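Take 3 as the starting number for the sequence shown in the working numbering and just add one per residue.
Notes for the one structure printed next.
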Amino acid sequence: MKILAFESSCDETAAAVVEDGRTVLSSVIASSADMHAVYGGVVPEIASRKHVEAISGLAEEALRQAGVRRTDIDAVAVTYAPGLIGALLVGVSFAKSAAYALGVPLIPVHHVRGHIAANYIAHPDLEPPFLCLCVSGGTTALVDVQAYTRFQVLGGTRDDAAGECFDKTARVLGLGYPGGGPMDRMAKGGNDRAYVFPRAHIDGNPLDMSFSGLKTAVLNVIHHAEQKGETLNLPDLAASFAAAISDSLIPRVMEANQITGYNKIAVAGGVAANSRIRADLERACAKVGAKLWLPPLSLCGDNAAMIGCQGYYEYLAGHTAGWDLNARASLDISKA
Ligand code: KG4
């Protein structure tokens, strides 16, 4: 089954052709990140306009690179939630038109389900159930992947996502947007104990997290240094910051692993590219003999291949949409 898939939830417009869920025939991405960089974060209206400009060309390019004709497409999948509403609507509207014109089913896909599915593309042996740490610019959650289309959130951030924290810190340091990659590179060789940053604990659910205090703490250090005319050791700062994020995530992942008893852990989303988090997880999993699946860096960020992959499993579960499909800015992964 060949699925033409679209993703437009934030600042990446993407199209892909995926066969039977796990074989990517093509995957093309156009990013408007450089246009947002000057503002230090995504400007929703600019993102929407760029999606409109890019999406039909990308659809053609995805078909061309896959070597298939329009009539070879069996279904169209699209990210419909969560994300920037204007950005999502571009993808949803285009996908609806494409499915209608081709006379094939329309499959709605939850963005974070897609991020999790990126692991199926990279790792043919991975099958539910497993535990997935989902960490991106908008999400930080521990998800029990009980089946391809059945999910339960075990814990998550009560405020900022980990990626948002990287991005805001990077913005204040003048590293541009998105800031996670530059912060990661800056941390290389830095002393991760040079700066003391908080690791929050949430009463009530030990698997929940909070990153807003960490964000405030690091911004305070930067502003105080500016006011006093002191020079910060940037590699030390970045390494200490990454350590605080990782120390908030990894023990909770391991606790959730104990609760589920799967001993199978995957990671998903843009922040899954972080070298400190990857290394800490590898160490923690090796210690308890848990199997770990990390997505390749190319599949960590937003792409449409992951939407085509999850779309296949949604289709098998009978989850298709009518022409009244609407986009949703927020939606629980378990309710999609
Ligand atoms: O998954 P993604 O492309 O978009 C969302 O669905 O949100 O994730 C983007 C996020 C941004 O916050 C970006 O700064 C972060 O992933 N990111 C990283 C790294 N590479 C990207 N964060 C930490 N370390 C990285 N190496």
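Quick reminder that beta carbons are idealized off the backbone N, C-alpha and C, glycines included.
None of these values were measured; they are calculated from a predicted model.
Report task. Decide if the segment 119-133 is in contact with the segment 197-215; the criterion is three or more beta carbon pairs, one per stretch, under 8 Å apart. Result -> By the C-beta criterion, the segment 119-133 is judged not to be in contact with the segment 197-215, since fewer than 3 inter-stretch pairs fall below 8 Å.
**Report entry** Simplified DSSP state of V70, which is helix, strand or coil
**Finding:** The answer is coil: DSSP assigns V70 none of H, G, I, E or B.
Query - Those runs of the beta strand (DSSP E) which lie wholly inside the segment 41-106 and span at least 3 residues - result: 77-83
Requested in this report: Please classify M3: does DSSP put it in a helix, a strand, or coil?
Outcome: coil
Query raised in the report: Helix or strand or just coil, what does DSSP make of G157?
Result: In the three-state reduction of the DSSP assignment, G157 falls in the strand class, which pools E and B.
Report task. Would you grab the beta carbon distance between G158 and A143 for me? Rounded to a whole angstrom, and I think it's under 8 Å. Result -> 4 Å
Report task. Would you decide whether K190 is buried or exposed? Buried here means 16 or more other CB atoms lie within 10 Å of its CB. Result -> exposed
**Report entry** Helix, strand or coil at L236 according to DSSP, with G and I counted as helix
**Finding:** In this structure, L236 counts as helix in the three-state DSSP scheme.
Report task. Report, in whole angstroms, the separation of the C-beta atoms of C12 and V44, which I expect to be a contact under 8 Å. Result -> 6 Å
Query raised in the report: ligand 1 heavy atoms versus the CB of S300: any closer than 6 Å?
Result: Not so, every heavy atom of ligand 1 lies at least 6 Å from the Cβ.
Query raised in the report: Thinking just about the alpha-carbon of each residue, which of R173, N259, E63 and G231 is nearest to the one in L209?
Result: N259
Query raised in the report: How big is the Cα-Cα spacing for G236 and A83?
Result: One detail in the question is off: residue 236 reads as Leu in this sequence, not Gly. Take the alpha-carbon of L236 and the one of A83: they are about 36 Å apart.
Query raised in the report: Hey, A79 and A7 are a contact pair by Cβ (cut 8 Å); roughly how many whole angstroms apart?
Result: 4 Å
**Report entry** In chain order, each alpha helix (DSSP H) run of at least 4 residues that lies wholly inside the segment 114-157
**Finding:** none
Query raised in the report: Which of helix, strand or coil does DSSP assign to T322?
Result: Of the three classes helix, strand and coil, the one that applies to T322 here is coil, per DSSP.
Query raised in the report: When the distance is taken between beta carbons, is S138 closer than 7 Å to A89?
Result: no
Requested in this report: State the Cα-Cα distance for the pair G183 and I279, rounded to the nearest angstrom.
Outcome: Cα atoms of G183 and I279: separation of roughly 13 Å, rounded to the nearest angstrom.
Query raised in the report: Rounded to a whole number of angstroms, what is the C-alpha to C-alpha distance between G192 and H117?
Result: Their backbone Cα atoms lie some 30 Å apart in a straight line.
Query raised in the report: From V111 to R254, what distance separates their C-alpha atoms?
Result: Looking at the two C-alpha atoms, the distance is approximately 27 Å.
Query raised in the report: How about V111: is its Cβ closer than 6 Å to a heavy atom in ligand 1?
Result: no
Query - DSSP three-state assignment for I267, whether helix, strand or coil - result: In this structure, I267 counts as strand in the three-state DSSP scheme.
**Report entry** Residue closest to N321, alpha-carbon to alpha-carbon, out of V273, I109, A124 and A292
**Finding:** Just to set this straight, residue 321 is His in the shown sequence, not Asn. Cα-wise, what sits closest to H321 is I109.
Query raised in the report: For the beta strand (DSSP E) that contains A17, what are its first and last residues?
Result: E14 to E21
Query raised in the report: How would you write the range of the alpha helix (DSSP H) that K289 sits in, first residue to last?
Result: S277 to V290
Query - Buried/exposed call for P298, threshold 16 Cβ in 10 Å - result: exposed
Query raised in the report: Does the segment 318-336 come close enough to the segment 145-156 to have 3 or more Cβ pairs within less than 8 Å?
Result: yes
**Report entry** Reference D326; option with closest CA among D76, L221 and A97
**Finding:** A97
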